[in-house]
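Following: one structure in structure tokens, then a few remarks.
Protein chains in written order, with the numbering used here: chain A, 1 to 318; chain B, 1 to 396.
Quick look at the structure:
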């Protein structure tokens, strides 16, 4: 104890402290490690649909998986109400995508012991998002550490995330380990199959190159070696004349035959793109819960749309 | 007998100042050792209870006492820091729940405690009003802190600057109060609880400002150099965290390397606690793990040694006081020789005179005993509030 603090730790002060302190302690050792064996089904909250889907596939009825993101809202940009964050606090585990996904997590008060970063240990596979840096004050130049966040679009990355989820769920319900491992194996096989199917689909793309309507396809791009480039266009909005001119300039510098979209673009946008020799293709990311089917069916439809491009004559694409 | 008591009473009432001084002196001599014993017993019980309810504390190498006092009672300087990754490391062992504590800031006289939601469950702190912490920039007040700051849910409180004279130091941050805890009779009553990230923003590690990449922020841009934007002196950092500017707050660097004051480790079971201690003891991890109960026992042993000296001193003073009182009575008898002679001449037997003098002494002792008992009862019943009121300014 240094001299500065010693006077404050006088025994008179201690008497007060002691007099004022009698807070009872809960059974603090009771953590979230409750299992189905206790009759309580552990609750797991996720920050996006792919994680919730994988947790549901692996956990089965051993866990209750919740995704409170409202329909039609992109989980990446969702800002939950305080009451929803309190619900996340009450969960036994919170599945995070990692890679900076769901910015609200940075400002939510959540118990560190309940957080499961499914991208943990996969730093070498994270793709930089290439954000702007800035400088102010004595801290010097810095960015906010942005990396691309739609990791599950690389099915092999999704497999690694599924393993992390499985480990967390087995922790919660160790008595259900065997069945969860079995389900994980099935899921891994399905994702491996999806990876092969996507690789085959993308291998048949026109050689001219690929564009992305939004910078969310980095992991898909990295996995299948697509070397695509992104613009920031919204499916439901016209990009504006400046946007079209910028695109025309880009195409002059480096031609592209395909543009992937998160959702169906406006008909006028699609027609104008085709007029420029770029075929718009919907490739949904699946971040939000699909209206029908699940992650695999959604990715299956994506694959079919990409595979259909093979029928397009490469010469006609320009 | 009634006449004896009446005469004794009349004498004491006539010499009221002398009687009052005697009663006060004897009361103090009776009350002091009793009160000291009571206060020490109660204080040690509560110090032990708080410490015993905190199985393990993890902090940077340094004084274990300082670590325990600051982490359990939010007293004194914040201990030398750990890094936030320690919390994850403890969780990864699977042996304990790890609750971070970031200390060192104040709002007025109230300590600001940066922590995680687990803290409230761990200490058994229910809310009396409002809700728990959900978003950075929010605060939950202990019951006494709410009274002291005159704030409740919906109000705002402002952190105190570290030093008035350091113009380059951290700025005060305005926090939104979202809840008030029910009184617990513990140091938690005095605290202002925030999320650990809010504590970092108070420390200046995180901050918020307009997005320099935004074309609308041109007035705050000194220059744009490729992908880097340099801010100028006009760039204003936000002093309040609101839902509207929340997205503009950020931390520079990896939060894993950010400072925390200590970690409360709650082992899954006794064996896990021992294993966790084993992991950190005798290693060069730069981390100290302590059992607060043991530290407080050592501290209280020291205090009880001091108590023996204090009680011995009180006993000496008591002996001196009793001797003085005896002298006062003897001198009083000598001074009252004429009065005693008068009583004898009007027919009072010597035994009767002695009874009157004895009754006077008994009445004084009785009054002192009643007063001492009353004071002891007050200390027993209202001790917490009394000591809080008497010692608060000195403690803070």
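Heads up, the beta-carbon is just placed ideally off N, CA and C, and yes, glycines get one too.
9 Å Cβ cutoff, residue i in contact with chain B
i              : result
residue 92(A)  : no
residue 171(A) : yes
residue 245(A) : no
residue 112(A) : yes
residue 161(A) : no
residue 218(A) : no
residue 79(A)  : yes
Residue i: first and last residue of the uninterrupted beta strand (DSSP E) it sits in
i              : result
residue 59(B)  : 56-59
residue 264(B) : 262-267
residue 46(A)  : 43-46
residue 128(B) : 127-130
residue 115(B) : 110-115
residue 211(A) : 210-212
residue 251(B) : 249-251
Run of the alpha helix (DSSP H) containing residue i, from where it starts to where it stops
i              : result
residue 195(A) : 177-203
residue 408(B) : In the structure displayed, chain B extends from 1 to 396; residue 408(B) sits before or after that span and is not available.
residue 56(A)  : 49-59
residue 278(B) : 270-280
residue 306(A) : 295-308
residue 195(B) : Note, residue 195(B): premise wrong, no alpha helix (DSSP H); beta strand (DSSP E) at 192-195.
Contact under 9 Å by Cβ, residue i with residue j
i              : j              : result
residue 93(A)  : residue 174(A) : no
residue 397(B) : residue 144(B) : Residue 397(B) is absent from the model: chain B starts at 1 and stops at 396.
residue 292(B) : residue 52(B)  : yes
residue 256(A) : residue 209(A) : yes
residue 242(A) : residue 231(A) : no
residue 459(B) : residue 196(B) : No answer is possible for residue 459(B): it lies beyond the span of chain B, which begins at 1 and ends at 396.
residue 47(B)  : residue 311(B) : no
residue 364(B) : residue 56(B)  : no
residue 157(A) : residue 122(A) : yes
residue 288(B) : residue 21(B)  : no
residue 141(B) : residue 263(B) : no
residue 201(A) : residue 278(A) : no
residue 53(A)  : residue 295(A) : yes
residue 281(A) : residue 222(A) : no
residue 133(B) : residue 149(A) : no
residue 160(B) : residue 250(B) : no
residue 101(B) : residue 295(B) : no
residue 137(B) : residue 107(A) : yes
residue 66(A)  : residue 87(A)  : yes
CB contact below 9 Å: residue i versus chain A
i              : result
residue 274(B) : no
residue 250(B) : yes
residue 146(B) : no
residue 112(B) : no
residue 117(B) : yes
residue 177(B) : no
residue 247(B) : yes
residue 61(B)  : no
residue 243(B) : yes
Closest by C-alpha distance to residue i, when choosing among the options
i              : options                        : result
residue 183(A) : 194(A), 170(A), 105(A)         : 170(A)
residue 109(B) : 373(B), 90(B), 148(B)          : 148(B)
residue 120(A) : 87(A), 168(A), 88(A), 275(A)   : 168(A)
residue 146(A) : 254(B), 12(B), 347(B), 323(B)  : 254(B)
residue 307(B) : 30(B), 19(B), 39(B)            : 39(B)
residue 239(A) : 225(A), 251(A), 213(A)         : 213(A)
residue 228(A) : 217(A), 236(A), 237(A), 235(A) : 217(A)
residue 181(B) : 172(B), 123(B), 137(B)         : 123(B)
residue 335(B) : 314(B), 318(B), 357(B)         : 357(B)
residue 64(A)  : 75(A), 90(A), 72(A), 81(A)     : 90(A)
residue 237(B) : 174(B), 126(B), 125(B), 41(B)  : 174(B)
residue 268(A) : 107(A), 292(A), 224(A), 235(A) : 235(A)
residue 60(A)  : 159(A), 77(A), 72(A), 165(A)   : 165(A)
residue 27(B)  : 44(B), 376(B), 256(B)          : 376(B)
residue 6(B)   : 360(B), 372(B), 373(B), 319(B) : 360(B)
residue 285(A) : 73(A), 252(A), 162(A), 57(A)   : 73(A)
residue 95(A)  : 50(A), 77(A), 83(A)            : 50(A)
Heavy atom of the ligand ATP within 8 Å of residue i beta-carbon
i              : result
residue 238(A) : The ligand ATP is not part of this structure, which contains no ligands at all.
Closer than 9 Å to chain E by CB, residue i
i              : result
residue 157(A) : Given the protein chain composition of this structure (A and B), no chain E is represented.
Using a Cβ-Cβ cut-off of less than 9 Å, list which residues of the region 80-104 of chain B approach chain A; keep chain order.
The residues in question are 84, 87, 88, 90, 91, 94, 96, 97, 98, 99, 100.
Any residues in the region 130-143 of chain B with a beta carbon nearer than 9 Å to a beta carbon of chain A? Which ones, in chain order?
Going along the region 130-143 of chain B in chain order, one finds 131, 132, 133, 134, 135, 136, 137, 138 with a Cβ nearer than 9 Å to chain A.
Chain B contacts made by the region 83-110 of chain A, where a contact means CB separation under 8 Å
Taken in chain order, the members of the region 83-110 of chain A whose beta-carbon sits within less than 8 Å of a beta-carbon on chain B are 83, 85, 86, 89, 103, 106, 107, 108, 109, 110.
Return the residues of the region 188-204 of chain B that lie within a Cβ-Cβ distance of less than 9 Å from chain A, sorted by chain order.
Cβ contacts with chain A: 188, 189, 190, 194, 195, 196, 197, 198.
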